[in-house]
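To start, the structure under review is shown below, and the notes come after it.
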Amino acid sequence: MFSIEDLDHIVIRAADLERLAAFYCDVLGCLVELRRDDLGLVHLRAGRSLIDLIAVDGELGRRGGAAAGSQGRNLDHLCLRIKPFEIDRLRAHLKAHGIETSSLQHNYGAEGYGPSLYLQDPEGNLVELKGPAEAH
9 MFSIEDLDHI VIRAADLERL AAFYCDVLGC LVELRRDDLG LVHLRAGRSL IDLIAVDGEL
69 GRRGGAAAGS QGRNLDHLCL RIKPFEIDRL RAHLKAHGIE TSSLQHNYGA EGYGPSLYLQ
129 DPEGNLVELK GPAEAH
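In short: position in the sequence shown from 1, add 8, done, that's the numbering used here.
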């Protein structure tokens, strides 16, 4: 039949599209690949995958109802596999952007168990930064 090869994209609804795009580009290193201002949509390149941001007041975003708030989010979290995963440099980079992180976690991911840090984007969405699987 078929098999899943990779995560193609994730879509996050944004109350402040430009602020959220700046976070994913400036802090996490994504690149704007394509903008569809007529739809309120920005496609961001994240490695081989895309993170699509849609304005909650844009054509696509209105379909999802009200913006997320203190009583709910747009998703639980997204996980970005990063390399290199150099914890001291990573924490320094995030601190320079005013970003607080969790303590270092040891979690299971697509490649197996490995290190993770959690942080929040400007709209409160949880982002996991995942390092390489540990050799057994």
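Built from N, CA and C at the ideal position, the CB exists for glycine as well.
All of these numbers come straight from a predicted model, not from anything done at the bench.
When the Cα of Y32 is compared with those of L112, L102, P123, which residue comes out closest? The count along the sequence shown starts at 1 and reaches residue 32 at position 24. Ranking L112, L102, P123 by Cα distance to Y32 puts L102 first.
Check whether the Cβ of C33 lies closer than 8 Å to any Cβ atom in chain D. Annotation note: the requested chain D is absent from the structure, which comprises a single protein chain.
Let me confirm a value: S124 is counted as buried when at least 16 other C-beta atoms fall within 10 Å, else exposed. Which label applies? Translated into positions along the sequence shown, residue 124 becomes position 116. If you draw a 10 Å sphere on the C-beta of S124, you find 16 or more other C-beta atoms in it, and that means buried.
With 16 as the cutoff for other CB atoms within 10 Å, does R89 come out buried or exposed? Residue numbering aside, residue 89 sits at position 81 when the sequence shown is read from its first letter. It is buried - the Cβ of R89 has at least 16 other Cβ atoms within 10 Å.
Three-state secondary structure (DSSP) at E136? To locate residue 136, count along the sequence shown from 1; it is residue 128. Three-state DSSP puts E136 in a strand.
Buried or exposed by the 16-neighbour rule on C-beta atoms within 10 Å, applied to R97: For this step, residue 97 is matched to residue 89 along the sequence shown. Label assigned to R97: exposed.
Leaving out five residues on either side along the sequence, give the residues of the same chain with a beta carbon under 8 Å from the beta carbon of D34. As a first step, residue 34 must be located in the sequence shown, where it is residue number 26. Around D34, the same chain offers H105 as residues with beta carbons nearer than 8 Å, after the five sequence neighbours per side are excluded.
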